[in-house]
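Visitor: This is the structure I want to talk about, given as structure tokens.
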Amino acid sequence: MYRILGHDAQTMPRKIGDENPLFHPNVKLAPPAPPPTSRPMTENRFQRVLIVGASGGIGRALVSHYRESGAEVSSLSRREDGFDLTVPATVEAHLAAQTGPFDLVVVATGALEIDGKGPEKSLSHVNADALARQFAINAIGPALILRHVPRLMDRQGAGVCAVLSARVGSIGDNRAGGWYGYRAAKAAVNQIVRTGAIELARSHKGAALIALHPGTVRTKFTENYLGRHPAVAPEEAAANIARVLAGISPAQTGQFFDWKGEPVPW
């Protein structure tokens, strides 16, 4: 068994940065755009919303937030729907049953502690099975979900897809070390988002696919990892995320933002 934390424990300092895509000579992502919070934001731009990972602290709060805003919200979770992102056939069946188009898709899955094992503090703690589980839940699972995003989003619309990542997955911002498996898996999902955004831009000109660091969220699952970092309740985290997503434009596709809407280095 693994404990789904959503993305309730994210604790790293900020630094702004970006990289140039090296993928297709005729399809390039735009250079970094101004932070999304620099523009007027209207959360009700999202009328149809899909939240994947809805039983975690952040996912559940996002479902409530968007329903209260008047959106039609669909959700998938391990607890309520038997959605297990470590079983490809289960992911395929649940996502295939969803009917788009959605204006917003949020992938709020993830885990920090898996099978009772917390983050590694040193290289001597690295374990092959634990690493494989981290990648299965925090990188491969989201990739399998993203396979369905082109079908679930309107080719002509201005939709947004956000994958909740973590600042600890930033290579450029890693100054503390430790947390080998979680860091590496989050770095991997960041690359999947970046590459997927390049592909999505070819067919969905008005869409944006981004990675998002939600900040440190206070839940019973994160008590051992909060340390000296300030934390917020899931409801506040959901409101922060919604404000950022409301300001995302196609010019920002393929980028990595934090809960304030500021860029995070890859």
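Mind the numbering: the sequence shown is residues 257 to 522 in the working numbering, read in order.
Note that beta-carbon positions come from the ideal geometry of N, C-alpha and C, so glycine has one too.
Please look up how many angstroms separate the CB atoms of I504 and V416, rounded, as I've assumed it's under 8 Å.
Guide: What you label residue 504 is simply residue 248 of the sequence shown in a count that begins at 1. What you label residue 416 is simply residue 160 of the sequence shown in a count that begins at 1. The Cβ separation is near 5 Å, so the contact holds.
Visitor: With a 10 Å radius around its C-beta and 16 neighbouring C-beta atoms as the bar for buried, classify P486 as buried or exposed.
Guide: Your numbering for residue 486 matches position 230 in the sequence shown. Exposed.
Visitor: Only counting the same chain, and skipping five residues up and downstream in sequence, which positions put a Cβ closer than 6 Å to that of P357?
Guide: Along the sequence shown, read from residue 1 onward, the residue named residue 357 stands at position 101. Excluding residues within five positions, the ones whose Cβ falls inside 6 Å are M409 and D410.
Visitor: Select from D385, S380 and A364 the residue whose C-alpha is nearest the C-alpha of G372.
Guide: The sequence position of residue 372 within the sequence shown is 116, counting from 1. G372 has its Cα closest to that of D385, out of D385, S380 and A364.
Visitor: Return yes when the Cβ of Q511 is within less than 9 Å of the Cβ of Y438, no when it is not.
Guide: For the purposes of this step, residue 438 is identified with residue 182 of the sequence shown, where counting begins at 1. For the purposes of this step, residue 511 is identified with residue 255 of the sequence shown, where counting begins at 1. No, the pair does not count as a contact, with Cβ atoms beyond the cut-off.
Visitor: If I'm right that G471 touches N496 with Cβ under 8 Å, what's the distance once you round it to whole angstroms?
Guide: As a first step, residue 471 is located in the sequence shown; it is residue number 215 there, counting from the start. As a first step, residue 496 is located in the sequence shown; it is residue number 240 there, counting from the start. 7 Å between Cβ atoms; contact.
Visitor: For A327, tell me which candidate among Q412, A467 and A498 has the shortest Cα-Cα distance.
Guide: Taking the sequence shown and counting its residues from 1, one reaches residue 327 at position 71. The candidate whose alpha carbon is nearest that of A327 is A498.
Visitor: Work out the CA separation of V449 and V329 for me, nearest whole Å.
Guide: Within the sequence shown, numbered from 1, the residue matching residue 329 stands at position 73. Within the sequence shown, numbered from 1, the residue matching residue 449 stands at position 193. So the alpha carbons of these two residues sit roughly 23 Å apart.
Visitor: Is N300 closer than 9 Å to S333 when the C-beta atoms are compared?
Guide: By one-based count along the sequence shown, residue 333 stands at place 77. By one-based count along the sequence shown, residue 300 stands at place 44. No, they are not a contact pair.
Visitor: Could you give the residue range of the beta strand (DSSP E) that holds D514?
Guide: Counting from one through the sequence shown, the residue named residue 514 turns up at place 258. From DSSP, the beta strand (DSSP E) with D514 extends over F512 to D514.
Visitor: Under a three-way DSSP split, which group does A406 fall into?
Guide: Within the sequence shown, residue 406 is the residue found at index 150, counting from 1. A small fix is needed here, since residue 406 is Pro in this sequence, not Ala. Reduced to three states, the DSSP call for P406 is helix.
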